[in-house]
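There are 2 protein chains.
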Amino acid sequence: MALVVQKFGGTSVGDVERIQNVARRVVETKRAGHDVVVCVSAMSGETNALVSLAEQVSGGRPPHAREYDVLLSVGEQKTIALLAMAIQELGEPARSFTGAQMGMRTNSEHNRARIEAVNADVLHENLKGGSVCVIAGFQGVSDSGDITTLGRGGSDTSAVAVACALEADVCEIYTDVDGVYTADPRVVKDAQKLARIAFEEMLELASLGAKVLQIRSVKFAMRYGLPLHVRSSFSADEGTWVMPEEEVMEQLVVSGVTCNKNEAKIRLQSVPDQPGIAARVFTPLGDAGIVVDMIIQNYASDGSTDMTFTVPRADYSRALEIAKAAGDQLSSRSVDGDDSIAKVSIVGLGMKDHAGVATRMFEVLARKEINIQMISTSEIKISVVIDEAHSDVAVQALHAEFIDDLSD
Amino acid sequence: MALVVQKFGGTSVGDVERIQNVARRVVETKRAGHDVVVCVSAMSGETNALVSLAEQVSGGRPPHAREYDVLLSVGEQKTIALLAMAIQELGEPARSFTGAQMGMRTNSEHNRARIEAVNADVLHENLKGGSVCVIAGFQGVSDSGDITTLGRGGSDTSAVAVACALEADVCEIYTDVDGVYTADPRVVKDAQKLARIAFEEMLELASLGAKVLQIRSVKFAMRYGLPLHVRSSFSADEGTWVMPEEEVMEQLVVSGVTCNKNEAKIRLQSVPDQPGIAARVFTPLGDAGIVVDMIIQNYASDGSTDMTFTVPRADYSRALEIAKAAGDQLSSRSVDGDDSIAKVSIVGLGMKDHAGVATRMFEVLARKEINIQMISTSEIKISVVIDEAHSDVAVQALHAEFIDDLSD
Chain A
1 MALVVQKFGG
11 TSVGDVERIQ
21 NVARRVVETK
31 RAGHDVVVCV
41 SAMSGETNAL
51 VSLAEQVSGG
61 RPPHAREYDV
71 LLSVGEQKTI
81 ALLAMAIQEL
91 GEPARSFTGA
101 QMGMRTNSEH
111 NRARIEAVNA
121 DVLHENLKGG
131 SVCVIAGFQG
141 VSDSGDITTL
151 GRGGSDTSAV
161 AVACALEADV
171 CEIYTDVDGV
181 YTADPRVVKD
191 AQKLARIAFE
201 EMLELASLGA
211 KVLQIRSVKF
221 AMRYGLPLHV
231 RSSFSADEGT
241 WVMPEEEVME
251 QLVVSGVTCN
261 KNEAKIRLQS
271 VPDQPGIAAR
281 VFTPLGDAGI
291 VVDMIIQNYA
301 SDGSTDMTFT
311 VPRADYSRAL
321 EIAKAAGDQL
331 SSRSVDGDDS
341 IAKVSIVGLG
351 MKDHAGVATR
361 MFEVLARKEI
371 NIQMISTSEI
381 KISVVIDEAH
391 SDVAVQALHA
401 EFIDDLSD
Chain B
1 MALVVQKFGG
11 TSVGDVERIQ
21 NVARRVVETK
31 RAGHDVVVCV
41 SAMSGETNAL
51 VSLAEQVSGG
61 RPPHAREYDV
71 LLSVGEQKTI
81 ALLAMAIQEL
91 GEPARSFTGA
101 QMGMRTNSEH
111 NRARIEAVNA
121 DVLHENLKGG
131 SVCVIAGFQG
141 VSDSGDITTL
151 GRGGSDTSAV
161 AVACALEADV
171 CEIYTDVDGV
181 YTADPRVVKD
191 AQKLARIAFE
201 EMLELASLGA
211 KVLQIRSVKF
221 AMRYGLPLHV
231 RSSFSADEGT
241 WVMPEEEVME
251 QLVVSGVTCN
261 KNEAKIRLQS
271 VPDQPGIAAR
281 VFTPLGDAGI
291 VVDMIIQNYA
301 SDGSTDMTFT
311 VPRADYSRAL
321 EIAKAAGDQL
331 SSRSVDGDDS
341 IAKVSIVGLG
351 MKDHAGVATR
361 MFEVLARKEI
371 NIQMISTSEI
381 KISVVIDEAH
391 SDVAVQALHA
401 EFIDDLSD
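For the record, the sequence lines run as chains A and B. The opening residue of the first sequence carries number 1 in the numbering used here; numbering runs sequentially from there. The opening residue of the second sequence carries number 1 in the numbering used here; numbering runs sequentially from there.
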């Protein structure tokens, strides 16, 4: 008998029929002899409807943060009640808990609160009493008793935090894909579902835009060594286990090839190569709330330097304006940019022990005559920025080189 | 400076525009120098949508009571968040409170919980800080921390209970009519809005089917001597004040004529006139959850008796079946019924001091050739059951006799 936390997203509970489907899944797990805690999101569409109401009331201005959380939290509250009813209809006792009721304590930063503690007593007590516990993801309560929400990816994080607090055996993340793939199957026909992946790799993949798990939840699970099982709501097949590095038996050199088309690059040509320059460029960007991803600086022979960086594509024109203002002050020869780029990355724990992976990557791209504009590396990741038009070819070629080959 | 509790029902907060309208109203009161607590219902239509979801999940069976309350309570939570935002948009600080947050303690009878205590500290503290407090009607929290709802008329009751706990100066009940009328204006052209009415009269009128105030809330206000002001959400005119008898200056003999078409009558002819008979008829009805209103028993000369009673029209056929079974056991000559009756009543504190009101009522009906089937009286009310077809004529004639005459 294990203690299992199951998390279902908005699509999985999108209507009554799907909620009943989730209930069947939960009851199966319960009847297999396990204790079950289910964490759910708002029904898909629900949050958007609430956001739109708030926008109407506040006339486009950002709504008051405290009240916004009171409003948004009704989404999950609706789902927990309906799911608890559906489980009871199948003959198993079930009780629902809002964030406040289950003791999800957060700080008081509304709309993006951080979890401070989970009081597991209520859930333990109800599990002991034989109930399935249905808990609201995304929401918590501050010390002053105010409702808070965790911001983007909050439901995954709620589920993982509760699983850690309960010392659960596994946290199952149900989603509309059936696991973590070596590449986007829409781009790479031979993309493979990974049976296991290490936390560190998953973190890199999530940071690179793989939407299957939220970064915060992976960090949480990694810190506590809690195994995650990413699997499909619509099938009983095993998905992908995300677990500590030492438990991932067969390490691939490269376990995933990703592509992110949500960035744009900006270049300041020929700025003085002296201390303090970077700060004068990036401080105003930070002040404008623009998050810079890659930064590359090249030394030129004439005592000047070129600086190139990437920003989210949605912030491109604002960032370009700010960069131009900074460039003027620094007597930059010119400031230009490009918003049709793609960042293609390979990720793998095995890289640490295998020299020459970067070289092989560059050779593959050279053979396809794809020009590399920027390069950035970490211990288990290599990213290159290329022309967006070549991204599919690049991903396919890299997948063939590093992954297909191994499985043949 | 006064402390004012304002209550707005589902129609008054039915969409964003109406919520903004309510916000303006609240802000006006606040800027006139008063402390304001606003109690709101779910947006109209919202509760029905939630009920329908629950019905879909539970396949027509009654949904689990605890979870049903978790579900229904999201309706008001949505409204309080939106209204607090709308008030803030107008430049006044506002904070919303769910039933649990504001300390509305109830017993744990889900779906029809009774208020046990209101902890006014949170609201007092926030009022002192200068905020408008926006509270969710209809919902509370049990000692075990479970969400409860108060059942029908809950929002009026919430508002009145909070006003009593805060020792407010008045509880304003905003509705889609502009006060309490001497009769239904759709039936009686000359129906007048009452400036003042005593609690006792209002209780009788509410019991007789006047929908403007819920019985529970009137009882609460009466017990604490809290003045209620029933008025329109859509106009600034004074409505009707409901207050202690001694403060209603000019007492009319009859302050209202009502008509209730939601009952049906059932008659057991010729049952033995002996002890225990009534119990054998009414115990099975009570067991079936059927509420009997009027009961009349006539003595016949042959040692038998006729018994007639009324039940809600929705329960008529079930009640008739039960009565027939009881009639068989009691060797009743026959059991029959009629579901096209109307109960017409006159209500007025002045009746206590004026003899002959009943006689005048019967004479008026006799002149219109309306046959009286049943009669029931209290100190400040006389009700008669007549053929439904004659109800409008009866109400108009009684209004002309007791009310129009006085105001001429």
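All C-beta atoms in this analysis are idealised placements derived from N, C-alpha and C, irrespective of residue type, glycine included.
Residue-level contact check: proline 227 (chain B) does not touch chain A, since none of the beta carbons of chain A fall below 9 Å from its beta carbon. For isoleucine 19 (chain B), the chain A residues whose C-beta falls within less than 7 Å of its own C-beta are Val57, listed in chain order. In the three-state reduction of the DSSP assignment, leucine 72 (chain A) falls in the helix class, which pools H, G and I. Collapsing the DSSP output to three states places isoleucine 80 (chain A) in a helix.
Per DSSP, the unbroken alpha helix (DSSP H) holding glutamine 396 (chain A) starts and ends at 391-399.
Inclusion of glutamate 89 (chain A) and arginine 66 (chain B) in the CB contact set at 9 Å is not warranted, their separation being larger than that value.
Aspartate 302 (chain B) and isoleucine 372 (chain B) have their C-alpha atoms roughly 24 Å apart.
Valine 22 (chain B) does not reach chain A, its nearest Cβ partner there being about 11 Å away, counting only Cβ pairs nearer than 8 Å. For glutamine 274 (chain B), there is no enclosing beta strand (DSSP E), as DSSP marks it with neither H nor E. Within a 10 Å sphere around the beta-carbon of alanine 389 (chain B) sit fewer than 16 other beta-carbons, which makes this residue exposed. In this structure, B:Tyr174 is the residue among B:Val188, B:Lys352, B:Tyr174 with its C-alpha nearest to the C-alpha of valine 4 (chain B). In the three-state reduction of the DSSP assignment, aspartate 156 (chain A) falls in the helix class. The region 381-388 of chain B and the region 331-346 of chain B touch, with three or more beta-carbon pairs separated by less than 8 Å.
With respect to the 9 Å criterion, tyrosine 181 (chain B) and glycine 256 (chain B) are classified as neighbours on the basis of their beta carbons. By alpha-carbon distance to isoleucine 19 (chain A), the top candidate from A:Ala42, A:Ala32, A:Leu203, A:Ala325 is A:Ala42. With contact defined as three or more Cβ pairs closer than 8 Å, the region 265-283 of chain A and the region 225-238 of chain A are not in contact. Of the residues assessed, valine 291 (chain B) falls on the exposed side of the cut-off, its CB having fewer than 16 other CB atoms within 10 angstroms. Separation of glycine 154 (chain A) and methionine 307 (chain A) (C-alpha to C-alpha, rounded to the nearest whole angstrom) is 35 Å. About 10 Å separates the beta carbon of valine 160 (chain B) from that of valine 118 (chain B), a gap too long to meet the 8 Å contact definition. A residue is called buried when at least 16 other Cβ atoms come within 10 angstroms of its Cβ; lysine 381 (chain B) meets this threshold and is buried.
Our two residues, proline 312 (chain B) and asparagine 262 (chain B), have alpha carbons roughly 6 Å apart in a direct line.
DSSP places tyrosine 299 (chain A) inside the beta strand (DSSP E), whose first and last residues are 295-299. Exclusion of the five residues before and after valine 122 (chain B) leaves Met102, Gly103 as the residues of its chain whose Cβ lies within less than 6 Å of its Cβ. Counting only residues of its own chain and dropping the five nearest sequence neighbours on each side, alanine 206 (chain B) has a CB closer than 6 Å to the CB of Leu213, Ile215, Val218. DSSP places phenylalanine 309 (chain B) inside the beta strand (DSSP E), whose first and last residues are 304-312. For the pair lysine 128 (chain B) and tyrosine 316 (chain B), the Cα-to-Cα distance works out to about 53 Å.
Under the Cβ criterion (8 Å, minimum of three pairs), the region 13-30 of chain A does not count as touching the region 189-205 of chain A.
Taking the Cα positions, cysteine 171 (chain B) is about 54 Å away from leucine 228 (chain A). Under the three-pair Cβ rule at 8 Å, the region 41-60 of chain B does not count as touching the region 27-41 of chain A.
Closer than 7 Å at the C-beta level to chain A, one finds these residues of the region 42-57 of chain B: Leu53, Ala54, Gln56, Val57. In this chain, the alpha helix (DSSP H) harbouring lysine 30 (chain A) covers 16-31.
For glutamate 67 (chain A), the neighbours in chain B by C-beta distance under 7 Å run, in chain order, Ala81, Ala84, Met85, Ser96.
Residue environment for methionine 1 (chain A): exposed (fewer than 16 other C-beta atoms within 10 angstroms of its C-beta). Within its own chain, the residues whose Cβ lies closer than 7 Å to the Cβ of aspartate 169 (chain B), once the five positions on either side in sequence are excluded, are Ala2, Leu3, Val4, listed in chain order. Nearest CB-CB separation between isoleucine 147 (chain A) and chain B: below the 9 Å threshold. Your pair valine 141 (chain B) and valine 38 (chain B) does not check out as a contact, with CB atoms roughly 20 Å apart and the cut at 8 Å.
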